[in-house]
Amino acid sequence: MCFAQGKVLDKRPMYEQINHPWYKANGSRIGYLDIEADGLKADFSTMLSWCIKERDGDIYYDVITQKDMLERKGDADRRIIESLVNTLSNFNIVVTYYGGDFRYDLPFVRTKAIHYGFEFPGWKSLFQYDLYAVVKQKLCLSRNTLDAACDYFGIVGKTPILKSAWRNAKYGDKEALEEVLSHNKGDVEILEALHKKLEPFKLWSKTSI
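Numbered according to this note's numbering, the sequence shown spans residues 22 to 230.
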């Protein structure tokens with residue numbers, strides 16, 4: 022195998038790479054990651070919740086609390102950033118939607134982890150897939166969003182969330198945070214379903230986190 026620009030090249034025959042992805046052959050642990058935050062930039066935002074669904078398994082998650090907000094104030098998401106970083110270390114591959122390099126979820130979490138002094142997974146310690154790139158490259162949809170792809174393919178589970186819930190969650194409202202977490206869990210469930218549907222149409226090379 023050869024490392025180049027963070028990617029590891031699979032030298033097996035093409036038909037074998039497509040029909041038997043490398044991560045299925047070696048029993049890798051795959052997690053479907055999604056985060057929810059009150060903004061798009063880590064230095065101006067607070068992460069409200071995170072979820073990682075293990076492939077064909079349980080959902081691991083954490084959510085910010087009013088206690089976090091009152092006691093830590095500007096560092097309110099420190100606890101859940103730490104729990105996410107610790108959980109990531111249990112996986113070999115993390116799948117996101119618009120969450121890879123130059124995008125959102127992983128760069129956001131990495132930035133927060135560095136800020137708090139946590140040991141975020143380094144290069145080649147964890148691999149990533151961003152399904153957004155696959156949808157954009159392989160499909161022809163009116164919008165390249167997770168919602169649009171899942172809706173067109175009949176993948177159910179996306180839960181709508183009111184704007185008022187987002188506003189209230191920012192201030193530690195328990196019911197609003199539960200709604201955000203429920204929305205978060207729904208996203209990782211449909212992300213897994215979409216990944217399985219798109220697996221036959223892409224060579225899943227190893228791309229380092």
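Quick reminder that beta carbons are idealized off the backbone N, C-alpha and C, glycines included. Here the structure is a predicted model, which means the values were calculated and not measured.
Cβ neighbours of residue i in the same chain (closer than 6 Å, five flanking residues each side left out)
| i | result |
| --- | --- |
| H204 | T180 and I182 |
| K133 | A63 and I102 |
| S49 | N113 and I114 |
| N165 | V156 and K157 |
| R76 | I51 |
| L167 | Y118 |
| Y153 | Y118 and Y119 |
CB contact flag (residue i, residue j, <9 Å)
| i | j | result |
| --- | --- | --- |
| D126 | I56 | yes |
Per DSSP, cross-strand counterpart(s) of residue i
| i | result |
| --- | --- |
| F65 | According to DSSP, which records beta bridges pairwise, F65 is partnered with nothing at all. |
| E18 | Missing from the structure shown is residue 18; the chain here goes from 22 to 230 and no further. |
| T132 | Per DSSP, none; premise fails for T132. |
| T117 | D151 |
| E75 | G52 |
| V84 | S70 |
Where residue i falls, given that 16 or more other Cβ within 10 Å makes a residue buried
| i | result |
| --- | --- |
| F65 | exposed |
| Q26 | Unreliable positioning characterises Q26 in this predicted model, as indicated by a pLDDT of 44, which lies under 50. The coordinate reading is nonetheless provided below. It counts as exposed. |
| Y192 | exposed |
| M22 | In this predicted model, M22 has a pLDDT of only 39, less than 50, meaning its place in the structure is not dependable; the value taken from the coordinates is given anyway. Exposed, by the Cβ-count rule. |
| I85 | buried |
| K45 | exposed |
CB-CB length for residue i against residue j, believed under 8 Å
| i | j | result |
| --- | --- | --- |
| Y150 | V116 | 5 Å |
| L215 | C171 | 6 Å |
| S110 | P142 | 7 Å |
Sequence-distant residues of its chain with Cβ nearer than 8 Å to residue i (five each side left out)
| i | result |
| --- | --- |
| K28 | Its pLDDT being 49, under 50, K28 is placed unreliably in this model, and the coordinates cannot settle the point. |
Own chain, CB closer than 7 Å to residue i, minus 5 neighbours either side, in chain order
| i | result |
| --- | --- |
| A58 | S66, T67, M68, L69 and F129 |
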